[in-house]
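Down below is the structure, laid out as structure tokens.
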Amino acid sequence: MQHLDPELISLLALDDTVGDRSDRDHLRTCSQCADEYQACRRAVNAAKADPNPQLESPGPHVWQAIHRELGLSPELAEDPLRANSGPAPVRSLPSKQTSAGRPPSRKRPARNLPAWLAAAAAVVLLAAIGVSWIVNRNVATLAQADLQPLEQYAATGTARVVETNGIRELEIRLSANEARGYQEVWLIKPDLSGLVSLGVLDSDRGRFPIPQGLDLSQFPIVDVSDEPLDGNPAHSSVSIVRGSLGT
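Below, the structure is given as structure tokens:
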């Protein structure tokens, strides 16, 4: 089962019209995503109850985590809450005429969010970061692999086996989705005599539970195949990327 992105869970908590039916169906069947959703919903409800909440300013480590996760440039490394805590600098007003003698274009005024929605967005962001930190604190990486393209494909990627509270999952990240049909994730024996399907990868990244008792030393090859829409559950024999797990 592929879990929902934490960002989508936060948006669903803010507005239940976000997403589609499959996202809501997933929340009803996946306890892990449902727990994260409920945590975010509690934060939203708390913000709605108090239209002017006194939110505690997060420490600089929160922005550092956001900066690192989003891969922002070094110029944005400074915590914006700390950077904007002082008085605004005095700037000269621009001239009403440009150098070409034309009046400057008028900008549309910014829309003001309701106080509770702005507060809820901030609380949900911090709640999502807190939930992610609590979850990731117990995550151990057991094995990983570089995924290389096969034949006519050019995509590359990584595979990582992670264990969270005793549950193993395979995390896949690809540079692109190049499937002509759909992508399916497999664990395969080195001699190709046995293989296990973990599920469909419908984007360029995803997480898949690894069956309990499956010996990864016997199935160390990670394979993402290009499957046609023919109803045949067997491997198509056409692989997009492949790699071997190592510690």
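Numbering-wise (UniProt numbering), the sequence shown opens with residue 1 and increments by one.
Note that the Cβ used here is the ideal one computed from N, Cα and C, for glycine as well.
Spatial neighbours of P228 in its chain, beta-carbon cut-off 7 Å, leaving aside the 5 residues before and after: G181, S236
Coil, strand or helix - L142 by DSSP: strand
Which listed residue (S22, L147, L76, Q64) has its alpha carbon closest to that of residue 250: Nothing can be reported for residue 250: it is not among the residues displayed for the chain, which extend from 1 to 247.
Residue from A234, G166, A179 with nearest C-alpha to D202: A179
Beta carbon of L187 nearer than 8 Å to that of I240: no
Simplified DSSP state of T156, which is helix, strand or coil: coil
Residues bridged to L216 [DSSP beta-bridge criterion]: DSSP lists no partner for L216.
Residues of its chain near L27, where Cβ-Cβ distance is below 7 Å and the 5 sequence neighbours each way are ignored: C33, A34, Y37
Reduced DSSP category for R24 - H, G, I as helix; E, B as strand; rest coil: helix
Limits of the beta strand (DSSP E) - the one that E171 falls within: 167-174
Through-space distance from I66 to A234, alpha-carbon basis: 41 Å
Strand pairing of P209, partner residues [DSSP]: E169
Alpha carbon of E75 to alpha carbon of H61, nearest angstrom: 17 Å
Top-ranked residue by Cα proximity to A197, from N177, D215, R173, S225: Here residue 197 is Ser; the residue named in the question, Ala, does not match the sequence. Selected option, being the one with the closest Cα: S225.
Test item: CB-CB of Q2 and F219 under 8 Å: no
Own chain residues within Cβ distance below 8 Å of L8, not counting five before or after: V18, G19, D23
Selection from L14, G199, A43 that minimises the alpha carbon distance to D184: Looking at the sequence shown, residue 184 is not Asp but Glu. With distances taken between Cα atoms, E184 lies closest to G199.
First and last residue of the uninterrupted alpha helix (DSSP H) at E7: 6-14
Coil, strand or helix - R242 by DSSP: strand
With 16 other Cβ atoms within 10 Å as the buried cut-off, status of P149: buried
Span separating the alpha-carbon of A154 from that of S193: 26 Å
Limits of the unbroken beta strand (DSSP E) element including S203: From DSSP, S203 is part of no beta strand (DSSP E); its letter is neither H nor E.
Span separating the alpha-carbon of T29 from that of L4: 12 Å
Three-state secondary structure assigned by DSSP to Q2: coil
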